[in-house]
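Trainee: Attaching a single structure in structure tokens format; questions to follow.
There are 2 protein chains.
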Amino acid sequence: MATPLPRDPIADARLNWERHGWSDVAAPMAAITAIMRTQQLLLARIEGVLKPFGLTFARYELLALLSFARSGALPMNKASALLQVHPTSVTNAVDRLQQAGLVLRSPHPTDGRTTLIELTPEGRTLAKRATAALNTEVFAQSGFAEQDVDQLIRILGTFRRNAGDFSE
Amino acid sequence: MATPLPRDPIADARLNWERHGWSDVAAPMAAITAIMRTQQLLLARIEGVLKPFGLTFARYELLALLSFARSGALPMNKASALLQVHPTSVTNAVDRLQQAGLVLRSPHPTDGRTTLIELTPEGRTLAKRATAALNTEVFAQSGFAEQDVDQLIRILGTFRRNAGDFSE
DNA sequence: TCCAAACCCTTGGATGTCCTAGTATATTGC
DNA sequence: GCAATATACTAGGACATCCAAGGGTTTGGA
Chain A
1 MATPLPRDPI
11 ADARLNWERH
21 GWSDVAAPMA
31 AITAIMRTQQ
41 LLLARIEGVL
51 KPFGLTFARY
61 ELLALLSFAR
71 SGALPMNKAS
81 ALLQVHPTSV
91 TNAVDRLQQA
101 GLVLRSPHPT
111 DGRTTLIELT
121 PEGRTLAKRA
131 TAALNTEVFA
141 QSGFAEQDVD
151 QLIRILGTFR
161 RNAGDFSE
Chain B
1001 MATPLPRDPI
1011 ADARLNWERH
1021 GWSDVAAPMA
1031 AITAIMRTQQ
1041 LLLARIEGVL
1051 KPFGLTFARY
1061 ELLALLSFAR
1071 SGALPMNKAS
1081 ALLQVHPTSV
1091 TNAVDRLQQA
1101 GLVLRSPHPT
1111 DGRTTLIELT
1121 PEGRTLAKRA
1131 TAALNTEVFA
1141 QSGFAEQDVD
1151 QLIRILGTFR
1161 RNAGDFSE
């Protein structure tokens, strides 16, 4: 990790916004910028934990999703929708996971267009171990106070619903 | 934008965590996953606004940073530190901005190792216009309630300080 | 029935991020 | 003063994400 800056660059950006007469949007700008930066920090932390398992976050997410599916298999388009990433990103992740022997592709029994992604025993085992590592090394030490976690879930949940992620 | 899912996939993930006996970390997991997804949504929105200007978010951030520097010039390492990205990312952004005639490289007057990035008049104009667009089309309609914006700034600010982003 | 439209996945290309090295310039220490 | 160490930038490679386009499969309306 680099040396901490003497001042918070996002707070400085907010001051710059206010100095330029954009006070009305300075706070949302700061909040959004903070989300971008926090995501970057969290992703780095997560990838650091996953690296020893030979996984990236994108691949882990797919593995974890499959491990929660009853049959251990999902159509690619379903995975794309649930992970909320572009179909090509799933193709990419499956390619690499398949090379590593963690998943395999199988044809859909009734729809010739669809490909099922299936967890191999190795994939299932690795998913378990990686999840345990993330739980103890990241989620259990998230750096957020308990009430703040609830606030985040509420605030971001509302945002995501309004953005069209889900209807419920 | 894709069709909304019938259910919140992050809430489902949280339920899965609880079902597997990881209730103690289910909430932080959900909060962190929500941050990742929110970042993705915000980035897409921002890039959509910047596209007509021929800018990406990474390039815009650099342009904006320079526009706030008194002289309109900064050493690359300074920009890297303030934007909190890897030096090679700055090199990449400067390459493209320079090709577009928005910035130029100039040697540091006293330190031969250092390269200064300087805003061209075109760059300064474009930064202004892009900022105006982001202000009205993204920040002014962030989708966050006013109190929630304050909460986010507080919660994420604490997190970033603890993560070593800044000391102050 | 049959062809157009919709859907599913993959390929190829553009971007951005990071890491590891390599080159050049400064600074430090003996 | 000179060698060793530190700092600044860039080149090349690995990954991930998106978009656009192409080929195969299904569905639905004329």
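For the protein sequence lines, the chains are A and B, in the order given. Just so you know, we're using this note's numbering here: the first sequence kicks off at 1 and counts up by one. Just so you know, we're using this note's numbering here: the second sequence kicks off at 1001 and counts up by one. C-beta atoms are modelled at their ideal positions from N, C-alpha and C, and glycine is treated no differently.
Could you list which residues in chain A have their beta carbon closer than 8 Å to that of Ile1117 (chain B), in chain order?
Mentor: Ordered by position in chain A, no residue passes the 8 Å Cβ test against Ile1117 (chain B), which lies about 16 Å from the chain.
Trainee: Does DSSP classify Leu1115 (chain B) as helix, strand or coil?
Mentor: The displayed chain sequence assigns Thr, not Leu, to residue 1115 (chain B). Strand at Thr1115 (chain B).
Trainee: For Pro1121 (chain B), which beta-bridge partners are listed by DSSP?
Mentor: Answer by DSSP bridge pairing: none, since Pro1121 (chain B) is not bridged.
Trainee: Hey, is Gly164 (chain A)'s beta-carbon within less than 9 Å of any beta-carbon in chain B?
Mentor: So, interface residue.
Trainee: Could you say which of A:Gly157, A:Pro75, A:Ala140 and A:Thr131 lies nearest to Phe53 (chain A) if we only look at CA atoms?
Mentor: Checked all of A:Gly157, A:Pro75, A:Ala140 and A:Thr131; the closest Cα to Phe53 (chain A) is A:Thr131.
Trainee: Under a CB-based cut-off of 9 Å, is Met36 (chain A) close to chain B?
Mentor: By this cut-off, Met36 (chain A) is an interface position.
Trainee: Return helix, strand or coil for Val1085 (chain B), following the three-state DSSP convention.
Mentor: It is coil, neither helix nor strand.
Trainee: Which residues, in chain order, does the segment 1057 to 1089 of chain B contribute to contact with chain A at a C-beta distance below 7 Å?
Mentor: Those would be Phe1068, Ala1081, Leu1082 and Gln1084, in chain order.
Trainee: Report the neighbours of Phe1053 (chain B) on chain A: residues whose CB is nearer than 8 Å to its CB, in chain order.
Mentor: In chain order: nothing, as chain A lies at least about 17 Å away.
Trainee: With 7 Å as the C-beta to C-beta threshold (strictly closer), list the residues of the segment 89 to 103 of chain A near chain B in chain order.
Mentor: Going along the segment 89 to 103 of chain A in chain order, one finds no residue with a Cβ nearer than 7 Å to chain B.
Trainee: Could you give the C-beta distance for Ala27 (chain A) and Val1149 (chain B), rounded to a whole number, given that I count them as a contact under 8 Å?
Mentor: 5 Å between Cβ atoms; contact.
Trainee: Just to confirm, is the Cβ distance from Ala1163 (chain B) to Leu41 (chain A) under 9 Å?
Mentor: Yes, these two residues count as a Cβ contact at 9 Å.
Trainee: Using beta-carbon positions only, say whether Gly1072 (chain B) and Ile10 (chain A) come within less than 9 Å of one another.
Mentor: Result no, Cβ atoms of Gly1072 (chain B) and Ile10 (chain A) do not sit closer than 9 Å.
Trainee: Rounded to whole angstroms, how far is the Cβ of Ala58 (chain A) from the Cβ of Ala34 (chain A), which I believe are closer than 8 Å?
Mentor: Actually they are not in contact, since the Cβ atoms of Ala58 (chain A) and Ala34 (chain A) sit about 23 Å apart, beyond 8 Å.
Trainee: Say whether chain B places a C-beta atom closer than 9 Å to the C-beta of Thr125 (chain A).
Mentor: Thr125 (chain A) does not count as touching chain B.
Trainee: Go ahead and pull the three-state DSSP assignment for Pro1075 (chain B).
Mentor: Strand at Pro1075 (chain B).
Trainee: Based on DSSP bridge pairs, tell me the residues matched to Arg1161 (chain B).
Mentor: In the DSSP output, where bridge partners are listed per residue, Arg1161 (chain B) has none listed.
Trainee: How many whole angstroms separate the CB atoms of Leu104 (chain A) and Glu118 (chain A), which I take to be in contact at a CB cut-off of 8 Å?
Mentor: The Cβ separation is near 5 Å, so the contact holds.
Trainee: How long is the line joining the alpha carbons of Asp8 (chain A) and Leu1126 (chain B), rounded to whole angstroms?
Mentor: Approximately 26 Å between the Cα atoms of the pair.
Trainee: Have a look at Phe1159 (chain B) and Val138 (chain A) and give me their C-alpha separation to the nearest angstrom.
Mentor: Those two C-alpha atoms are separated by around 13 Å.
Trainee: Beta-carbon of Met1001 (chain B) versus every beta-carbon of chain A: anything under 9 Å?
Mentor: Residue confidence for Met1001 (chain B) is low, a pLDDT of 47 falling below 50, so the modelled location carries little weight and cannot support an answer.
Trainee: Do you know how far the Cα of Gln1141 (chain B) is from the Cα of Ile1153 (chain B)?
Mentor: The alpha-carbon atoms of Ile1153 (chain B) and Gln1141 (chain B) are separated by roughly 17 Å.
Trainee: Starting from the C-beta of Glu47 (chain A), find all residues in its chain whose C-beta is less than 8 Å away, skip the five residues before and the five after it, and write them out in chain order.
Mentor: For Glu47 (chain A), where only same-chain residues beyond five positions count, the Cβ hits under 8 Å are Thr56 and Phe57.
Trainee: By the criterion of Cβ-Cβ separation under 7 Å, what are the contact partners of Asn1004 (chain B) in chain A?
Mentor: It is worth fixing the name first, because residue 1004 (chain B) is Pro in this sequence and not Asn. What Pro1004 (chain B) touches in chain A: Gly164, Asp165, Phe166 and Ser167.
Trainee: How would you list, in chain order, the residues of chain A whose beta-carbon sits under 7 Å from the beta-carbon of Gly1143 (chain B)?
Mentor: Neighbours of Gly1143 (chain B) on chain A, chain order: Phe159, Asn162 and Ala163.
Trainee: According to DSSP, simplified to helix, strand and coil, what is Val138 (chain A)?
Mentor: Coil.
Trainee: Where DSSP assigns a beta bridge to Phe166 (chain A), which residues make up the other side?
Mentor: Phe166 (chain A) is bridged to B:Leu1005.
Trainee: From the DSSP output, read off the bridge partner residues of Ser106 (chain A).
Mentor: Ser106 (chain A) pairs with A:Leu116.
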